[in-house]
Amino acid sequence: MPSSIMQNMGMLGTWPPPTPGSAGRQDTPVDGDTGPTGSSTLTMTCPGSRHQAGLGRPAAPRGCCRGREPTCPWRSTSRSRRYVVDPTTRPVPHCSGDGADCSVWLAEMACTWPLQSDPAATVAAVVDTVVSALPEGAWASVSLVGPGRRLRPGAASDSRAERLDLLQCRIRQGPVVDAAAGATVDSADLAADPRWPRVASAAREEGAGSVTTVALRGDVRPLGALTVYGPTHVPWRAHSSAPFVRLAAAHAAVAVRASRQVRWLTAAVASRDLIGQAKGVLMERFRITEDAAFGILVKASQDTQRKLRDVAAVVTETGETPGRINGGTLLP
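By the working numbering, the letter at position 277 of the sequence shown is numbered 267, and the numbering carries on one by one without gaps.
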């Protein structure tokens, strides 16, 4: 085998390939280094095991601590052992301009938001992320459209923002309500805005100055609104961060939709399990097939005008058969 090929094979265990004079040297983080293929990489030294790793390499270098050391900035994110920098350890960019510097950071932070069946935890993380990227003193909040298409406060970084959102949800007027209907609303001075007199009065009491609020857009109608308030004692104005707020609202809408889908799927699985248990009770008691047991449950649901899940719950919890019907209700 030619010696050049053997040398290249011997270099597969290191990344980036060693350069003359680099042996034994601990490099500092360099953003934008170019690897042998011309691709941009991020080279960092792992304090836990004193090695170098390239962002985007399919496997971690030999000897990597794989994020077990507290000081290691690399975290395993997949079964292929790809390593990326934890976005929560990066410096928060200044996002009061056009938001261009924040797009990558915000996308990475959105991946850390919890995905639960209750969107409350998700929007709380959204608020924490948004307010951390705004000038000190800014308030952020999220209001969500709930059952009956009623708007309710979801999360807020400050109690004053929460009270303002709650007032607008109650009286059904204000920038939050307009944004939840699909508009993007800016006000340089909420306390003097003639469009919402009652909200303006409350804004004066709470010390709220400027406001920017953006809809969380869903498939058919908005899911809620993301709002940023600029207090009167802060020279910064909320509308100066409107591009960033719109970008954050887009990520928040995706997260809220995913959380609600998790809730629906969880409920569907629970209902299916309950119906399966009820079918098992009927199959054991009457020695019938699964299809016949399901037909009995469906007929009982139609006769009693109750949901199939509720009929299955009665059969499972009480042991009564769906055939015992009196006056449109199942007998205990």
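Glycine residues also receive a C-beta, built at the ideal position from the N, C-alpha and C atoms.
Treat the numbers as computed from the prediction; the structure is a model and nothing was measured.
query                                                                                                                        : result
Every unbroken alpha helix (DSSP H) within the region 238 to 283, with a cutoff of 4 residues, ordered by chain              : none
Proximal residues to PRO254 (C-beta, below 6 Å), its chain only, five neighbours per side dropped                            : One detail in the question is off: residue 254 reads as Trp in this sequence, not Pro. So the list is empty, once near-sequence residues are dropped.
Backbone CA spacing between GLY144 and GLU280 [nearest angstrom]                                                             : 44 Å
Of the residues THR222, ARG277, LEU213, SER261, the one placed nearest VAL301, counting alpha carbons only                   : SER261
Contact under 8 Å by Cβ, THR174 with GLY199                                                                                  : no
Sequence-distant residues of the same chain with beta carbon closer than 7 Å to ALA268, five excluded per side               : LEU287, ALA302, VAL305, THR306
Start and end residues, beta strand (DSSP E) containing LEU141                                                               : 141 to 146
Through-space distance from ASP118 to SER231, alpha-carbon basis                                                             : 16 Å
Cβ pair count under 8 Å reaching 3, the region 90 to 104 against the region 203 to 216                                       : no
Among GLU98, ALA123, LEU298, GLY127, the one whose alpha carbon lies nearest that of ALA258                                  : LEU298
Nearest-angstrom Cα separation, counted from ASP293 out to MET273                                                            : 21 Å
Beta-carbon contacts of ALA151 that lie in its chain and below 6 Å, excluding the five residues immediately before and after : TRP129, SER131, TYR219
Under 8 Å between C-beta atoms of PRO104 and ALA97                                                                           : no
Continuous beta strand (DSSP E) stretch holding LEU216: start and end                                                        : 214 to 221
Other residues of its chain near VAL120: CB distance less than 6 Å, five sequence neighbours each side excluded              : ALA130, ALA238
8 Å contact criterion, which ALA205 and GLY172 should meet: CB distance rounded                                              : 5 Å
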